[in-house]
Amino acid sequence: MDQHEGGCLCGAVRFSVDGPPRSVFHCHCFSCRRQTGGAIASFAAFPVAGVLRWTREQPASFASSPGVTRRFCPHCGTPLSYQAEKYPDEIHLHIGVFDNAGDLVPQAHWHTGEQLSWFDTKDDLPRHPGD
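When the letters of the sequence shown are read in order and numbered with the working numbering, they come out as residues 8 to 138.
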């Protein structure tokens, strides 16, 4: 079974997820850019139930918009996850917080309708303008 581990910059919050991700993708939406401070956010989506374990401290959470919860380290501020009511059994974990982030290869771009005009990855991945 695949097991993926990761955590925040200071090491206070750690997690482990079992099994392969359902999807791996880049998100170009405004709110993900705001949360990360980057041009895009990259995620690996996993089932929540029985798969994700917070193995050290619990992350802090913030309701960033109706039906959306984002988690982050309460000490160093590292963004960790995105969870939405429209995906009730799924959590999106930021790729950059995985110990072996290179193992999680994005397969698509989402919300390209909100993509910054100067940002171009020049890859051949499928692009979706919205949800």
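Every residue gets a Cβ at the ideal spot worked out from N, C-alpha and C, and that includes glycine.
This one's a predicted model, so the numbers in the text were calculated from it and none came from an experiment.
Asked, Found
"Cβ atoms of H35 and A46: under 9 Å apart, would you say?", "yes"
"Using the beta-carbon count (16 or more within 10 Å), is A133 buried or exposed?", "Just to set this straight, residue 133 is Pro in the shown sequence, not Ala. Counting Cβ neighbours within 10 Å, P133 comes out exposed, since fewer than 16 surround it."
"Rounded to whole angstroms, what's the CA-CA distance from P28 to S71? Just pull it up for me.", "24 Å"
"Indicate whether Y89 and C15 have their beta-carbon atoms separated by less than 9 Å.", "no"
"Per DSSP, P86 is paired with what?", "F79"
"Mind checking who C34 pairs with in its DSSP beta bridge?", "A48 and W117"
"For the beta strand (DSSP E) that contains Q10, what are its first and last residues?", "Q10 to G14"
"Just mark T85 as buried or exposed, buried being the case when its beta carbon has 16 or more other beta carbons within 10 Å.", "buried"
"Going by DSSP, which residues form a beta bridge with E97?", "P54"
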